[in-house]
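Visitor:
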């Protein structure tokens with residue numbers, strides 16, 4: 042597995058104060074297409090293919106997915122945003138119900154991936170940290186995303 046993925050690797054990105062604006066836009070237009078990967082990735086300067094692979098890994102792309110974890114937390118929506126983030130997100134007007142809307146879920150996931158990219162750099166560690174910052178879990182998750190991207194022909198060995 043390569044140390045870095047090719048894509049938008051700028052460390053800049055929309056801060057949490059701007060995520061509300063982006064998520065509100067996603068909610069405001071119910072006629073908007075559910076595939077917001079390009080827009081969210083562009084907004085946060087992350088790779089849209091990585092976001093798509095995360096959606097597949099997390100929920101097989103199902104917007105209505107809810108998963109109750111053994112540790113008592115709950116994952117919501119297409120991108121399986123964990124309930125540990127709800128308090129922080131509520132400060133920006135994003136509720137667990139909002140996370141069930143596909144575009145909101147994707148925008149929040151892009152924001153979370155940007156946070157991890159800022160912390161770990163444009164690396165597979167950042168991709169894995171989307172799921173967990175525990176090294177073993179992080180690396181296993183990064184490998185799963187890498188495998189999805191390989192199968193889809195997005196990256197080479």
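In the numbering used here, the protein residues as written are 42 to 198.
All C-beta atoms, glycine included, are put in the ideal place defined by N, C-alpha and C.
#1: Helix, strand or coil, according to DSSP, for residue 110 in the structure here?
#2: Do residue 92 and residue 167 have their C-beta atoms within less than 8 Å of each other?
#3: Specify whether the region 175–186 and the region 104–112 touch according to this definition: at least 3 beta carbon pairs, one from each stretch, less than 8 Å apart.
#4: Using the Cα positions of residue 189 and residue 145, report the straight-line distance between them to the nearest angstrom.
#5: Between residue 72 and residue 160, what straight-line distance do the alpha-carbon atoms span, to the nearest angstrom?
#6: Can you give me the start and stop residues for the alpha helix (DSSP H) that residue 171 sits inside?
#7: Sort out for me which residues DSSP pairs residue 116 with in a bridge.
#8: Between residue 119 and residue 89, is the Cβ-Cβ spacing less than 8 Å?
Guide: In short:
#1: In the structure shown, residue 110 sits in coil (DSSP, three-state: anything other than H, G, I, E or B).
#2: no
#3: no
#4: 23 Å
#5: Interpretation of residue 72 is limited by its pLDDT of 40, a score under 50 that renders its predicted location unreliable; no figure is taken from the coordinates.
#6: Looking at the DSSP string, residue 171 is not in any alpha helix (DSSP H), and its letter there is neither H nor E.
#7: 108 and 123
#8: no
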